[in-house]
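Residue numbers (UniProt numbering): 1 to 202.
If you want it as structure tokens, here you go:
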């Protein structure tokens, strides 16, 4: 059973506390001697210079050393955890130091992009306003063109009507002149038919 306990007990760098010999504790701690539970008990007995008188003393000593080993395990775990945390903090600090210039560069780029976006938005608004104005102007020009077309058609119809009336007038005047000329010719012809010779010839 002793051998089984030896095999199951992990080897640790034991730093045993003693109220009588701090120098030995310091030297053992400096050497970081890996000890099992039984080795720690032997070390404790040799350090105190006493032998085991009964099983009760051995059980008490074993329980005391076991508690010290448990406390040492807890301290080692805490130390390792703190060391890991410190390493993580150091890594994070290095990452922050590396990324800080990149962050500043990204902030500058973001500021420039915001300025460009503002400028482009202003240009877009200006083009939109111009487009709306041009649309209104085009509609006004369409209305004006339609009005001018209607006015031109009305003027053309009026001109055609006046032209027709003038043509009729000239046609009627020409007919009247032709009729008058025909009447004169007929009268002249009748005078010729009614010609009387001079009396001397008769």
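A virtual CB, placed ideally from N, CA and C, is assigned to each residue, including glycine.
Taking buried to mean at least 16 other C-beta atoms within 10 Å of its own C-beta, is residue i buried or exposed?
i	result
residue 120	exposed
residue 69	buried
residue 89	exposed
residue 154	exposed
residue 40	buried
Using a Cβ-Cβ cut-off of 8 Å (strictly less than) and excluding sequence neighbours within five positions of residue i, which residues of its own chain qualify?
i	result
residue 151	none
residue 54	Confidence in residue 54 is poor, its pLDDT being 48 and thus under 50, which makes the residue's placement too unreliable to answer from.
Based on Cα-Cα distance, which residue from the options lies nearest to residue i?
i	options	result
residue 66	82, 87, 135 and 36	36
Less than 7 Å between C-beta atoms, sequence neighbours within five positions excluded: which residues of the same chain meet that for residue i?
i	result
residue 87	none
residue 80	none
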